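*Asks:*
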Amino acid sequence: MSSDFGFWKHGVGNPEEIFDRLAEGDTSGLTSSDDVLRFREELLSRWPDMKDVLEPSEFDLEESPEDALKYALLTFSVRQLDYLPQVIELAKKHGLSGFSGVAGEPIY
0 MSSDFGFWKH GVGNPEEIFD RLAEGDTSGL TSSDDVLRFR EELLSRWPDM
50 KDVLEPSEFD LEESPEDALK YALLTFSVRQ LDYLPQVIEL AKKHGLSGFS
100 GVAGEPIY
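Under numbering that gives the first Met the number 0, the first residue of the sequence shown is numbered 0, with each subsequent residue one higher.
Okay, structure coming up:
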């Protein structure tokens, strides 16, 4: 079982709509922000093993490097859910909002 969480700076639509579009690979409604990139970098600095659950992946970024500035989508295993409070705090530190796919709730 896994749980998905998405984070971004600004997007068109409500958080659930943005999250659903991300799940389909649609980033057109998202605004690029260095805050998203800094979030990704700090996330990987603290927890290097998250590179395996983080999208866009390194492979995806080869095709669309600008997506590193738009969003971070995490697919946590049950074991990794212990990271969630710290990840949300990190997202808030960088001024990001998002959506919890498992809870069906926005993250502010």
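The C-beta atom is built at its ideal place from N, Cα and C for all residues, glycine as well.
If you're wondering where the values come from, they're calculated on a predicted model, not measured in any experiment.
For L72, which three-state DSSP category applies?
*Replies:* As a first step, residue 72 is located in the sequence shown; it is residue number 73 there, counting from the start. Here L72 sits in strand by DSSP.
*Asks:* Please look up how many angstroms separate the CB atoms of T30 and G10, rounded, as I've assumed it's under 8 Å.
*Replies:* Within the sequence shown, the letter at position 31 stands for residue 30. Within the sequence shown, the letter at position 11 stands for residue 10. Confirmed, about 7 Å.
*Asks:* Suppose contacts are defined by Cβ-Cβ distances below 8 Å. Is D34 in contact with H93 by that definition?
*Replies:* Counting from one through the sequence shown, the residue named residue 34 turns up at place 35. Counting from one through the sequence shown, the residue named residue 93 turns up at place 94. Yes; because the gap between Cβ atoms is below 8 Å, this pair is in contact.
*Asks:* Quick check on F75 - is its C-beta less than 8 Å from some C-beta in chain B?
*Replies:* Structure shown: chain B not included; a single protein chain is present.
*Asks:* How many whole angstroms separate the CB atoms of F75 and F4, which I take to be in contact at a CB cut-off of 8 Å?
*Replies:* In the sequence shown, residue 75 corresponds to position 76, counting from 1. In the sequence shown, residue 4 corresponds to position 5, counting from 1. With a Cβ gap of about 7 Å, F75 and F4 count as contacting.
*Asks:* Taking L43 as the reference, give the member of A22, S32, A71 with the closest Cα.
*Replies:* As a working mapping, residue 43 is identified with position 44 in the sequence shown. When only C-alpha atoms are compared, the closest one is A71.
*Asks:* With which residues is L29 paired in a DSSP beta bridge?
*Replies:* Taking the first residue of the sequence shown as 1, we reach residue 29 at position 30. According to DSSP, which records beta bridges pairwise, L29 is partnered with G10.
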